Amino acid sequence: MKKLVVFAAALALLTGCAADSSSTGSSADSTTTQPAQTTAAASVSSQTGNTESSIHADYPVYDSLQALQEKSDLILRCKFQKREETSFENSPYTRMTIQVQEAYKGDAKQGDTLTFLQLGTNEAAQNPVVCNAYVSMQPDQEYVLFLTKSGEEYFMPSPAQSCYLWAEGDKTLSPVLDSSVALSIKAEDLK
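Just so it is clear: in the sequence shown, position 44 is 59 by the numbering used here, and no numbers are missing.
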């Protein structure tokens with residue numbers, strides 16, 4: 016219970032910081048909300064037995080594939096390998112490990128193993144922290160990812176728009192998150 020109270024207090028602090036930083040956005044930006052680093056907690060809930068918390072995060076929405084490509088440091092076709100619970104800046108995250116199959120942008124190359132972080136944890140975790148924008152990836156499934164680097168870590172700039180299923184022969188990629196903001200992306204648009 017003490018952890019839940021500390022977690023709720025930390026999320027409240029993040030919410031306040033996010034509100035302060037959101038007033039500095041540029042009108043020339045091609046997004047409709049602030050970056051993921053200004054995440055806000057809308058709710059923290061607890062169930063009896065295992066503790067389950069939830070986080071509502073606000074992410075930018077890009078109005079075009081070109082805008083998302085410009086924001087991304089890496090654009091990859093990759094194979095998901097594993098996930099690991101971790102924390103980053105006192106918030107619960109999942110470290111996702113991927114193997115690069117093909118790089119469309121950035122300095123990664125085929126065969127490289129990379130990691131990226133996403134807010135929240137998998138629902139199967141001992142004490143899951145469910146995020147509204149958590150992308151559940153399956154082992155050995157191929158994906159196209161758009162990733163942005165912040166410090167030493169990679170993140171999806173907008174989870175609803177940054178992860179697509181890859182199927183050989185498909186002309187249009189399928190977004191992993193069912194979202195009205197997902198972009199229509201054709202495989203040929205990536206090359």
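C-beta atoms are modelled at their ideal positions from N, C-alpha and C, and glycine is treated no differently.
Keep in mind that this is a model prediction, so the values were computed, not measured.
What would DSSP say about residue i, mapped onto helix, strand or coil?
i	result
A175	helix
L188	coil
L198	coil
E167	coil
E157	strand
S42	Confidence at S42 is low in this model, with a pLDDT of 34, below 50, so the placement of that residue is unreliable and no value is reported for it.
Nearest to residue i by alpha carbon, out of the options?
i	options	result
F161	S69, S68, E85	E85
L205	P75, Q114, K124, Y119	Y119
L91	K186, G184, L198, M171	M171
I70	V144, E117, G126	V144
Y237	T128, S194, Q116, E99	No statement about residue 237 is possible, as the shown extent of the chain runs from 16 to 206 and does not include it.
W181	K94, N137, A123	K94
E203	L192, P190, A197, D185	D185
Q176	F131, A123, E168, S199	S199
Under a CB-based cut-off of 7 Å, is residue i close to chain B?
i	result
T128	Any reference to chain B falls outside this structure, which holds one protein chain only.
Buried or exposed, going by whether 16 or more other CB atoms sit within 10 Å of the CB of residue i?
i	result
G135	buried
Q153	exposed
Verify the contact flag: residue i, CB atom, against every heavy atom of the ligand FAD, threshold strictly below 6 Å.
i	result
S177	This structure lacks the ligand FAD, and indeed carries no ligand of any kind.
Checklist entry - Is the number of C-beta pairs between the stretch 136-149 and the stretch 157-168 that are closer than 8 Å three or more? => result With the cut-off at 8 Å, the stretch 136-149 and the stretch 157-168 do not touch.
Item to check | Whole runs of the alpha helix (DSSP H) within the stretch 57-139, excluding any shorter than 4 residues | outcome: Within the stretch 57-139, the complete alpha helix (DSSP H) runs of at least 4 residues are 80-86.
Next on the checklist: Counting beta carbon pairs with one atom in the stretch 103-111 and one in the stretch 85-94, are three or more of them shorter than 8 Å?
Outcome noted: The stretch 85-94, when compared against the stretch 103-111, does not touch it at the 8 Å Cβ threshold.
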